[in-house]
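Worksheet: one structure, shown below.
Number of protein chains: 2
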Amino acid sequence: MRRFVADRARRAATAASTRSAATRSAAAPSPYAPPTAPTAPSRPPPAAAMASAMVRAMSTAAAPVSLDTINPKVLKCEYAVRGEIVTHAQNLQQELQKNPDSLPFEEILYCNIGNPQSLGQQPVTFFREVLSLCDHPALLDKSETHALYSSDAIERAWQILEKIPGRATGAYSHSQGIKGLRDEIAAGIAARDGFHASGDNIFLTDGASPAVHMMMQLLIRSENDGILCPIPQYPLYSASIALHGGSLVPYFLDEETGWGLEVDELKKQLEESQSKGITVRALVVINPGNPTGQVLAEENQKKIVEFCKNEGLVLLADEVYQENIYVEDKQFHSFKKVARSMGYTDDDLPLVSFQSVSKGYYGECGKRGGYMEVTGFSADVREQIYKVASVNLCSNVSGQILASLIMNPPKAGDESYESFMVERDGILSSLARRAKALEEAFNSLEGITCNKAEGAMYLFPRIHLPQKAIGAAQAAGTAPDAYYACRLLEATGIVVVPGSGFGQVPGTWHFRCTILPQEDKIPAIISKFKEFHEKFMDEFRD
Amino acid sequence: MRRFVADRARRAATAASTRSAATRSAAAPSPYAPPTAPTAPSRPPPAAAMASAMVRAMSTAAAPVSLDTINPKVLKCEYAVRGEIVTHAQNLQQELQKNPDSLPFEEILYCNIGNPQSLGQQPVTFFREVLSLCDHPALLDKSETHALYSSDAIERAWQILEKIPGRATGAYSHSQGIKGLRDEIAAGIAARDGFHASGDNIFLTDGASPAVHMMMQLLIRSENDGILCPIPQYPLYSASIALHGGSLVPYFLDEETGWGLEVDELKKQLEESQSKGITVRALVVINPGNPTGQVLAEENQKKIVEFCKNEGLVLLADEVYQENIYVEDKQFHSFKKVARSMGYTDDDLPLVSFQSVSKGYYGECGKRGGYMEVTGFSADVREQIYKVASVNLCSNVSGQILASLIMNPPKAGDESYESFMVERDGILSSLARRAKALEEAFNSLEGITCNKAEGAMYLFPRIHLPQKAIGAAQAAGTAPDAYYACRLLEATGIVVVPGSGFGQVPGTWHFRCTILPQEDKIPAIISKFKEFHEKFMDEFRD
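In the order they appear, the protein sequences are chains A and B.
97 is the number that UniProt numbering gives to position 97 of the first sequence; each next residue is one higher, with no gaps.
324 is the number that UniProt numbering gives to position 324 of the second sequence; each next residue is one higher, with no gaps.
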């Protein structure tokens with residue numbers, strides 16, 4: 001058995017005076033130290049600390065950069081989805097490669113991150129055909145190309161190249177992205193919503209994350225500016241708010257009602273933060289929910305829109321899972337559609353919708369494509385958003401092309417349509433089955449309750465840990481759910497993210513587990529998980 | 001004739017109280033107003049301003065987001081390379097499309113930005129073949145593929161896929177980039193420099209710009225932190241420092257000595273800023289220079305390294321033009337090679353080298369690939385850089401692949417080698433000829449002096465403007481070089497960037513012009529330019 005030691009960065013930030021030149025150049029130690037070690041090995045003993053302080057004082061100049069002298073906002077930022085547990089998993093994976101029999105499992109199962117293709121999901125053929133042709137347009141002039149590519153992929157590649165000035169897929173584009181592709185995306189949005197959309201409002205980005213950063217950068221002036229975020233939340237938001245020096249204003253989703261989002265709770269938290277001198281600038285809503293998987297009802301969304309309108313908040317709508325709906329009684333409605341259906345126009349409500357090529361049925365995470373649809377801002381503020389986009393020149397053109405493809409996939413009658421639909425529906429229906437199988441498995445276990453994943457790619461089960469397990473975690477200096485996740489990893493190779501990385505009601509413990517392992521692996525994962533959990537509960541049962 | 005009006009954002013920031021709801025929702029007006037207009041039309045007259053203030057006071061809530069309430073760092077940031085002159089050019093281009101005979105030229109010639117493929121440069125075939133195959137790996141199993149792709153491109157695609165876990169080009173990679181590709185890049189660096197390089201020190205990024213932002217984010221805590229930057233500088237640096245709230249500490253390059261970088265000047269500026277309470281954290285060196293085109297001599301680089309070592313500065317080496325050298329008596333030396341040749345190791349000097357797939361002979365701007373090689377930082381600071389990288393998950397995988405290709409191009413004996421070398425040398429020798437032709441043309445004109453472009457992609461001629469022209473610019477409320485650039489654009493369609501966007505010795509005026517128009521267009525550009533310049537001088541000669 002091993003135990004967590006406290007997070008290195010936090011520790012370093014508060015114990016900076018004992019840092020030595022020797023530890024600075026050493027490799028990062030594992031976050032897991034043997035439980036019987038009398039002192040944490042990565043913290044030098046007092047004598048060594050004193051000696052190193054002397055060395056520092058004697059040198060001609062202090063090290064130019066140390067944890068004491070970097071931007072404290074960077075230190076403060078945390079991103080659990082790729083945090084300590086994942087580093088530990090990567091180290092175990094290296095151990096496995098060197099010595100395959102050294103651990104009680106044969107492989108690491110990365111259920112920590114929504115990264116479908118890393119777990120074997122195959123890319124959608126039509127999309128990849130088009131990308132491949134756009135990367136090497138010389139192919140389009142060759143007759144042999146027809147033996148390798150479908151005719152509609154060739155046709156689409158031509159159409160896309162015609163939209164790119166000089167057909168130059170290797171040129172920087174307009175800072176918002178290629179105009180013709182933005183128009184195509186806008187047409188896709190209009191078809192989805194039944195309301196007008198304009199390519200002028202689309203900002204193509206390298207995935208949704210840079211888009212979120214851009215909006216945070218625009219809105220946050222100081223720690224007195226707050227952003228309302230769901231708890232639990234996808235930690236991109238807390239990380240981005242920390243990096244930009246703002247305040248996260250939490251609102252709690254109600255686990256009892258399937259992670260319900262209540263406007264009363266929004267109001268309560270808004271008023272509470274205002275009484276502390278925080279100016280709340282925006283409300284983040286993730287729909288379908290991450291890590292919580294709920295799909296908002298239209299009536300609920302209307303109340304949220306009304307709330308933003310009344311309180312003068314920017315509505316930041318994370319809608320990257322809009323294609324991932326697994327239950328028949330729920331449907332995705334974009335916030336823009338809801339706002340327009342209420343009669344609100346571009347003049348009434350600043351609203352940003354984030355979309356990504358990384359999710360949906362396509363799961364093209366490595367392509368880093370996405371967009372934000374920006375409505376309801378004045379022309380001069382829009383110019384400022386454009387300026388920030390222009391400092392990074394443009395997003396990658398392959399990602400731009402892919403973003404246009406997901407918003408305009410093959411249509412009935414196209415050569416690829418049938419095979420495309422088989423691929424698409426195969427992935428989505430399999431994801432629905434996996435979500436259900438995992439949810440049922442979790443709910444069958446002692447001390448675990450798990451809401452349905454109505455959408456998105458995750459389950460967020462609650463673990464009711466025995467007091468003795470909480471005590472063991474405390475003794476190891478770590479959060480109980482992090483302790484549980486660490487034990488799970490070390491026993492089974494399954495990587496999940498502790499609920500503390502997303503935020504949760506104090507005193508409750510959760511973890512996020514993706515539904516993404518390939519379907520044939522799910523039974524084995526469930527059985528490994530069950531075996532671990534039963535042993536864990538036996539070990540710690542009060 | 002038209003004239004500039006003052007920059008909208010600056011104006012708005014200081015005249016915010018007169019902003020009305022009506023102007024907020026209006027489209028952005030052209031930055032060029034007719035010279036005889038009695039009042040600038042985009043600023044409402046006092047009566048309208050009062051009325052709009054009343055409307056604001058009467059509405060239930062102020063507009064959620066206005067120039068008064070966004071992050072002032074965003075307002076402060078400027079990026080001339082895609083600034084006002086480019087917006088004006090884009091508007092003229094639209095005018096041309098609607099009415100081809102409306103302007104005294106037939107096309108806009110974008111010499112404002114280093115974007116070779118937008119001006120007709122063709123991508124390198126081998127690189128595109130490999131990208132195309134990696135985008136659609138199913139092709140690799142088909143015999144027909146050999147009819148369309150070179151055998152070494154197929155072989156290389158296989159090698160790359162083997163380096164990607166699960167061959168999943170659509171998966172998020174490691175946050176620093178795919179390990180096998182980083183190792184390949186490190187091998188390329190080692191072969192270039194003759195000193196060891198490690199893939200663990202490589203951070204793959206979506207071009208060099210996000211890498212620069214990451215380092216600024218790490219180093220800048222407040223406006224009391226300064227970054228030494230060359231003047232003239234590529235405005236990414238001033239923009240990034242502004243966005244992160246730091247202070248740009250200028251050091252002036254010496255135009256008289258071919259944009260020489262003198263350590264005495266660095267020391268002087270460092271001490272001056274220190275006396276103002278600024279803590280200088282880092283020195284930015286752009287080599288080959290942008291916009292100035294000089295290539296640093298090794299002896300000069302040694303002094304710069306020594307300076308950084310003595311003063312405890314991070315050396316931020318922008319080396320994205322390392323392949324673009326056009327003179328026989330100069331050679332590119334990476335700062336890491338220079339530092340290592342002086343005996344400095346990883347423990348002595350924090351040094352970051354930025355590289356990009358956008359420049360060189362490949363010019364793959366739209367692919368958004370690049371890397372930074374990070375050496376000389378402690379392990380705990382490195383972890384913080386890793387954490388910031390991980391918040392954005394990873395850079396785009398096609399860009400990662402391309403970065404590995406430029407650092408490991410075809411070798412003698414490979415099927416593609418000869419045609420690759422023809423493409424590569426063709427581009428580089430043509431760029432050298434274009435640089436020379438433009439330099440000579442500029443130097444042949446009254447009142448223009450122009451240093452040689454030893455490297456990079458730009459000329460930065462000085463224009464000695466007649467007093468009368470300076471007066472006309474002042475009357476138009478704009479900088480004299482911006483006035484000149486605007487007149488040039490409106491007469492010829494040629495887009496250059498005013499020197500004021502890069503910084504220059506006060507009282508001197510310049511513009512940056514790329515050497516990137518295709519070679520057959522250079523004579524016409526020169527003759528248009530000459531004609532404009534002679535008329536301009538005739539108009540304003542004192």
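Idealized CB from N, CA, C, for every residue including glycine.
C-alpha gap between residue i and residue j, whole angstroms
| i | j | result |
| --- | --- | --- |
| residue 326(B) | residue 385(B) | 35 Å |
| residue 317(B) | residue 329(A) | 57 Å |
| residue 267(A) | residue 237(B) | 42 Å |
| residue 140(B) | residue 133(B) | 7 Å |
| residue 530(B) | residue 367(A) | 45 Å |
| residue 413(B) | residue 321(B) | 27 Å |
| residue 433(A) | residue 220(B) | 48 Å |
| residue 470(B) | residue 480(B) | 5 Å |
| residue 534(B) | residue 178(A) | 37 Å |
| residue 272(A) | residue 280(A) | 11 Å |
| residue 401(A) | residue 514(A) | 27 Å |
| residue 165(B) | residue 118(A) | 7 Å |
| residue 403(B) | residue 170(A) | 14 Å |
| residue 69(B) | residue 353(B) | 37 Å |
| residue 253(B) | residue 269(A) | 54 Å |
| residue 22(B) | residue 198(A) | At residue 22(B), the pLDDT of 34 sits below 50, so the modelled position is not reliable and the matter cannot be decided from this model. |
Three-way DSSP call (helix, strand, coil) for residue i in this model
| i | result |
| --- | --- |
| residue 527(A) | helix |
| residue 106(A) | coil |
| residue 198(B) | coil |
| residue 596(B) | The structure shown does not extend to residue 596(B), since chain B is modelled only from 1 to 542, so the question has no answer here. |
| residue 395(B) | coil |
| residue 372(A) | strand |
| residue 424(A) | helix |
| residue 125(B) | helix |
| residue 133(A) | helix |
| residue 434(A) | helix |
| residue 510(A) | strand |
| residue 456(B) | coil |
| residue 9(B) | Below a pLDDT of 50, predicted positions are generally treated as unreliable, and residue 9(B), at 39, falls in that range; no measurement from the model is reported. |
| residue 263(A) | helix |
| residue 229(B) | strand |
| residue 116(A) | helix |
| residue 168(B) | coil |
| residue 476(B) | coil |
| residue 317(B) | strand |
Range covered by the alpha helix (DSSP H) that runs through residue i
| i | result |
| --- | --- |
| residue 386(A) | 379-391 |
| residue 209(A) | 208-219 |
| residue 488(A) | 480-492 |
| residue 68(B) | Careful: residue 68(B) lies outside any alpha helix (DSSP H) and carries neither H nor E. |
| residue 339(A) | 335-341 |
| residue 193(B) | 179-193 |
| residue 156(B) | 151-163 |
| residue 72(B) | 72-76 |
Proximity test, residue i beta-carbon vs the ligand NAD heavy atom, cut-off 6 Å
| i | result |
| --- | --- |
| residue 533(B) | In the structure shown, the ligand NAD is absent, as is every other ligand, since no ligand is present at all. |
Element boundaries [beta strand (DSSP E), containing residue i]
| i | result |
| --- | --- |
| residue 518(B) | Where residue 518(B) is concerned, there is no enclosing beta strand (DSSP E), given that its DSSP letter is neither H nor E. |
Original post:
Using Cβ-Cβ distances below 7 Å, what residues of the stretch 356-383 of chain A are close to chain B?
Top reply: Per Cβ criterion, the list reads 363, 364, 365, 366, 367, 368, 377, 378, 379, 380, 381 and 383.
Subject >> Near-chain A residues of the stretch 158-181 of chain B (beta-carbon distance less than 7 Å), N- to C-terminal order >> reply: Taking 7 Å as the Cβ-Cβ cut-off against chain A, the residues of the stretch 158-181 of chain B that qualify are 165, 166, 168, 169, 170, 171, 172, 173 and 175.
Subject >> Touching by the beta-carbon criterion (3+ pairs, under 8 Å), the stretch 420-437 of chain A and the stretch 96-114 of chain B >> reply: With a cut-off of 8 Å, the stretch 96-114 of chain B and the stretch 420-437 of chain A do not count as touching, because too few Cβ pairs lie within range.
**OP:** Specify whether the stretch 71-88 of chain B and the stretch 236-253 of chain B touch according to this definition: at least 3 beta carbon pairs, one from each stretch, less than 8 Å apart.
**Re:** With the cut-off at 8 Å, the stretch 71-88 of chain B and the stretch 236-253 of chain B touch.
Original post:
Between the stretch 183-197 of chain A and the stretch 449-464 of chain A, are three or more C-beta pairs nearer than 8 Å?
Top reply: The answer is no - the stretch 449-464 of chain A does not touch the stretch 183-197 of chain A, with fewer than three Cβ pairs under 8 Å.
Original post:
Using 8 Å as the Cβ pair cut-off and three pairs as the minimum, do the stretch 251-268 of chain A and the stretch 280-298 of chain A touch?
Top reply: Judged by Cβ distances under 8 Å, the stretch 251-268 of chain A makes contact with the stretch 280-298 of chain A, as three or more pairs qualify.
**OP:** Would you check if there are 3 or more beta carbon pairs closer than 8 Å linking the stretch 375-389 of chain A to the stretch 346-365 of chain A?
**Re:** Touching, yes, given that three or more Cβ pairs across the two stretches are closer than 8 Å.
Subject >> Members of the stretch 258-289 of chain B that neighbour chain A once the beta carbon cut-off is set at 7 Å >> reply: Those would be none; no residue qualifies.
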